[in-house]
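Whatever position you read off the sequence shown (first residue = 1), add 51 for my numbering. Just so it is clear, CB atoms sit at the ideal spot from N, CA and C, and this is done for glycine as well. Computed from a predicted model, the values in this text were never measured in an experiment. To start, the structure itself, in structure tokens.
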Amino acid sequence: MSLFGSERIGHEKNSPTTSLKANSPKGAFYNLAIVQIRDGYLLRKESGAGERVLYREAWFKESYEEANRLYCRILKEKTNPKRKSPRKYSIISQHSHITGCGL
């Protein structure tokens, strides 16, 4: 069984989700979600171009606070206008309140 199922990130009820899009020729995107599971939380990430998901990854955290810290760190890195990567991401949608990100 896949951790990601067949649907793209953003379909989890009441889970914090954020979609980022880069101003890039291929339409790069980056989606993050915190999903509660039996023994803790998964921070799920998917990225790709256009409508195609090219990479999926998940990190397990025992507490919501740990998952939220990683979530915020990734969001800050991706949306930093001074980041070294030529892809500069901006938030295009955000569902549920994310605490402590300062974005």
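Problem - Spatial distance of residue 94 from residue 131 (CA atoms) - result: C-alpha separation (whole angstroms): 20 Å.
Handout entry: According to DSSP, residues forming a beta bridge with residue 70
Key = According to DSSP, which records beta bridges pairwise, residue 70 is partnered with 82 and 144.
Handout entry: Residues that DSSP places opposite residue 118 in a beta bridge
Key = DSSP, once it has assigned bridges, lists no residue as partnering residue 118.
Handout entry: Nearest residue (CA-CA) to residue 80, options 115, 111, 109 and 129
Key = 129
Problem - Coarse secondary structure for residue 128, derived from DSSP in three states - result: helix
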